[in-house]
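Here the structure comes first, spelled out in structure tokens, and everything after it is commentary.
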Amino acid sequence: MSENPEILSNLLNYCDQPDIEDKTGATPMMFALGVSGACLEKIKLLIEKHASINRKDKTGWSLLHAAVSSKRRDILELLLSNGGDVHIIDGDGRSLLHIACDNGDTLLSKFLIEKGVSLANIDKNGWTPFHVACGPADDYELVHHLIQVGADPTVKDINGHTPLHWAKQFKAKNVERYLTKFLNQNLDVSDEDENDIDSDSDLGTINGVYESDVFESEPTSQRNSSKRNSSKRNSSKKPIENIELADMNSRRGVLAPQRFSGKILKV
4 MSENPEILSN LLNYCDQPDI EDKTGATPMM FALGVSGACL EKIKLLIEKH ASINRKDKTG
64 WSLLHAAVSS KRRDILELLL SNGGDVHIID GDGRSLLHIA CDNGDTLLSK FLIEKGVSLA
124 NIDKNGWTPF HVACGPADDY ELVHHLIQVG ADPTVKDING HTPLHWAKQF KAKNVERYLT
184 KFLNQNLDVS DEDENDIDSD SDLGTINGVY ESDVFESEPT SQRNSSKRNS SKRNSSKKPI
244 ENIELADMNS RRGVLAPQRF SGKILKV
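This is the structure in structure tokens:
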């Protein structure tokens with residue numbers, strides 16, 4: 004799509020199909036967000052021509068999901084004010100809050116919760132937004148906020164895995180430490196998680212045992228060394244490498260990001 008809104012405006016004067024699809028099911032509205040420059044103006048033009056806001060591509064990915072994924076609150080608010088469905092889900096059952104939590108976007112997550120998006124929505128894996136928040140974004144401040152507004156930190160997915168389990172699998176160390184400390188102070192830890200918590204540490208040091216077939220187990224010698232040196236760890240910010248995860252990212256829409264990235268925060 005051209006970056007010039009005038010070209011789009013002229014085309015719309017000669018085309019009465021603002022929702023025409025390509026082979027993936029994507030519409031011009033979806034492409035409008037995917038190009039740089041004046042995307043908000045182009046979306047407004049398409050809305051004026053009655054383009055469908057809640058339409059999905061063949062994977063179930065919608066423009067609303069793309070707006071959240073792109074962290075474009077201005078576009079999201081425009082869509083919602085023109086009939087966008089804040090409760091829309093994608094082809095994998097993910098709500099807009101799932102996507103915001105996937106991004107580690109605390110501000111947008113708060114906005115969606117205030118708009119009534121449920122913390123209890125589950126995707127095809129049985130993951131709530133809280134499960135997703137415990138992934139590679141590794142943002143313990145978001146996790147803290149979700150707990151404060153009512154998220155259940157012990158909720159299990161369809162395989163019986165808790166958010167703490169997934170924090171370990173995704174190596175979200177800050178979230179591991181936060182959840183471990185929270186669970187030790189407030190709740191009875193489940194059988195699945197209790198063997199992975201060192202209650203002698205103020206931060207609840209994780210022993211580092213990864214049981215999933217997706218990740219290799221950490222050698223015993225390395226685990227012991229890590230435990231002995233846990234008190235020497237500094238909490239300075241460090242970059243986290245992008246992680247590609249097919250099971251959390253099966254969406255294949257035009258605008259769907261194919262990789263996860265996050266940042267280490269101070270705990």
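First residue of the sequence shown: 4, per the working numbering; consecutive thereafter.
Even glycine gets a Cβ: it sits at the ideal position worked out from N, Cα and C.
Fill in: Opposing strand residues paired with I92 [DSSP bridges]
S98
Worksheet item: Where do the N-terminal and C-terminal ends of the alpha helix (DSSP H) with A170 fall, by residue?
Response: 166-172
Worksheet item: Where I46 and Q188 are concerned, what is the direct C-alpha to C-alpha distance, given to the nearest angstrom?
Response: 48 Å
Worksheet item: Which partner residues of S65 appear in the DSSP bridge assignment?
Response: K59
Discussion item. What would DSSP say about S73, mapped onto helix, strand or coil?
Written reply: coil
Item to complete: For L275, I'd like the list of residues in its chain whose CB is within less than 7 Å of its CB, leaving aside the five on either flank, ordered along the chain.
Response: Outside the modelled stretch of the chain, which goes from 4 to 270, sits residue 275, for which no answer is possible.
Worksheet item: By a C-beta neighbour count over all protein chains shown, 10 Å radius and 16 as the cutoff for buried, is K127 buried or exposed?
Response: exposed
Worksheet item: Can you tell me whether DSSP reads N124 as helix, strand or coil?
Response: coil
Discussion item. Please report the distance separating the alpha-carbon of G28 from that of G163.
Written reply: 35 Å
Discussion item. Do G107 and L145 count as a contact pair if the criterion is CB distance below 9 Å?
Written reply: yes
Worksheet item: Taking Cβ to Cβ, would you say L100 is nearer than 9 Å to K74?
Response: no
Discussion item. Short of 6 Å in beta carbon distance, which residues of its chain neighbour G63, apart from the five on each side in sequence? Order them along the chain.
Written reply: D93, G94
Worksheet item: Using the beta-carbon count (16 or more within 10 Å), is A69 buried or exposed?
Response: buried
Worksheet item: Leaving out the 5 sequence neighbours to the left and right, which residues in its chain are closer than 7 Å to L82 when beta-carbon positions are compared?
Response: I56, L66, L67, A70
Practice prompt. Find out if the Cβ-Cβ distance for the pair L149, L167 is shorter than 9 Å.
Written response: no
Worksheet item: How about A170 and G138: do their beta carbons lie closer than 9 Å?
Response: yes
Worksheet item: Do K61 and I91 have their C-beta atoms within less than 9 Å of each other?
Response: no
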